[in-house]
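The sequence shown lines up with residues 0 to 263 when you count with numbering that gives the first Met the number 0.
Note that beta-carbon positions come from the ideal geometry of N, C-alpha and C, so glycine has one too.
Have a look at the structure below, then the notes.
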Amino acid sequence: MKSTKYTVLIIPDNDDQNKQFVLKRNSVRLWITLLSIFIILLIGFGYYFVPKALEYDALSAKYEVLAEERMEVYSLMQDLQRMAQLDVLIRKTLGPEMELPYVDESGDTLTIPAKMNDSLSISFLENFPSQLPLQGYVTQRMSRTSVYRRKNHYGIDIAAKEGEAILSSASGFVVFAGWTYDMGNMIILFHGDGYFTYYGHCQRNLVQSNDVIKRGDVIGLVGSTGVSSGPHLHFEIWKDGEPIDPMDYFPQYYDKDLSVEEHG
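Put into structure tokens, the structure is as follows:
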């Protein structure tokens, strides 16, 4: 009769006592069967799930690209909406009979029709935004739409005491001075050469539409009108239909930057 047991003998190299294990045949068969099943499952898992994991990584990468493209499209749509809003405000302000400011043939001056029968020319050296609109601390910087931000912030927020004077950053022409839901009392200046500047959340607007403004003129007072959490100036610079970071024009604000973007 065949033995139903297996004996495993372990003989050490030194003089230690030999060790002996007795295994039943059925136990050996069971362990071999379980090991075989485990190996088969492991191979099957790798065959099925590894391609799935690679496919998931590829889909995740495509999703990230699509999400970024979606945010870019959304950002462009917001830019177009803002430009359309500006166009409506300008048309409403100037009216059908008022001429738009234009550049003379020399390209050196901006001719602004302050009145229907009067005009004023301003050098482009005065039209470039170079005057700090307000002494204060930057509490929010310019930011474009991302996965985590649903709305563009086209300019910077400068915190200051309520009632402080807001200065024109350059000479130009008031194309809008009025009220909007988001910005409250807001002023928009056109400076020629494609430049516009925005001044939002003013306590009061001290200029009117169609006024001609010199660089450094007081145009409003710091307030918290519109959608605002405290007294500050929302300041934007636009060039040829594109928002430009005011920090690039006024590096002085870097020393007064208290924004979350800078300090986390």
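When burial is assigned at 16 or more other CB atoms within 10 Å of the CB, is GLY193 buried or exposed?
-> exposed
Applying the criterion that 16 or more other CB atoms from any shown protein chain within 10 Å of the CB defines a buried residue, is MET115 buried or exposed?
-> Low confidence applies here, because MET115 scores a pLDDT of 36, under 50, leaving its location unreliable; read the following figure in that light. It is exposed - the Cβ of MET115 has fewer than 16 other Cβ atoms within 10 Å.
Based on Cα-Cα distance, which residue from TYR197, ILE218, PHE189 and ASN151 lies nearest to ASN126?
-> PHE189
GLU235 bridges to which residues according to DSSP?
-> TYR197.
Could you check how far apart the C-beta atoms of GLN134 and ARG214 are, in whole angstroms? I think they sit under 8 angstroms.
-> Separation of the CB atoms of GLN134 and ARG214 is rounded to 16 angstroms, and the pair is thereby denied contact status at 8 angstroms.
Assuming TYR198 and LEU232 make a contact with CB atoms under 8 angstroms, what is their CB distance in whole Å?
-> 6 angstroms
Residues that VAL221 bridges to, as DSSP identifies them | Beta-bridge pairing by DSSP links VAL221 to CYS201.
Enumerate in chain order the residues of its own chain whose CB-to-CB distance from ASP265 is below 6 angstroms, with the five nearest sequence positions on each side excluded.
-> The first residue shown for the chain is 0 and the last is 263, placing residue 265 beyond what the model contains.
Report back the beta-carbon spacing between ILE236 and ILE186 to the nearest angstrom; my notes put them in contact at under 8 angstroms.
-> That belief does not hold up - the Cβ atoms of ILE236 and ILE186 are roughly 13 angstroms apart, past 8 angstroms.
Within 10 angstroms of its Cβ, does PHE48 collect 16 or more other Cβ (buried), or is it exposed?
-> exposed
Identity of the residue in LEU8, ILE9 and ASP256 nearest TYR136 by Cα | Cα-wise, what sits closest to TYR136 is ASP256.
Roughly how many angstroms separate the alpha carbons of GLY240 and ALA52, rounded to a whole number?
-> Computed Cα separation, rounded: 45 angstroms.
Contact set for ALA169: own chain, Cβ-Cβ below 8 angstroms, skip 5 residues either direction | GLU125, ASN126, PHE127, PRO128, SER129, GLN130, LEU188, HIS190, TYR194, THR196 and ARG214
3-residue-minimum beta strand (DSSP E) runs that sit fully inside the segment 163-197, ordered along the chain | Taking 3 residues as the minimum length, the beta strand (DSSP E) runs contained wholly in the segment 163-197 are 164-166, 171-179 and 183-191, in order along the chain.
Mind checking PRO250: buried by the 16 CB within 10 Å criterion, or exposed?
-> With fewer than 16 other Cβ atoms within 10 Å, it is exposed.
Pairwise C-alpha distance: GLN16 and SER26 | Those two C-alpha atoms are separated by around 26 angstroms.
Figure out for me which residue from PHE20, SER223, GLU67 and LEU8 has the closest Cα to the Cα of GLU163.
-> SER223
Using the DSSP secondary-structure output, state which residues sit across from PRO242 in a beta bridge.
-> Answer is TRP237.
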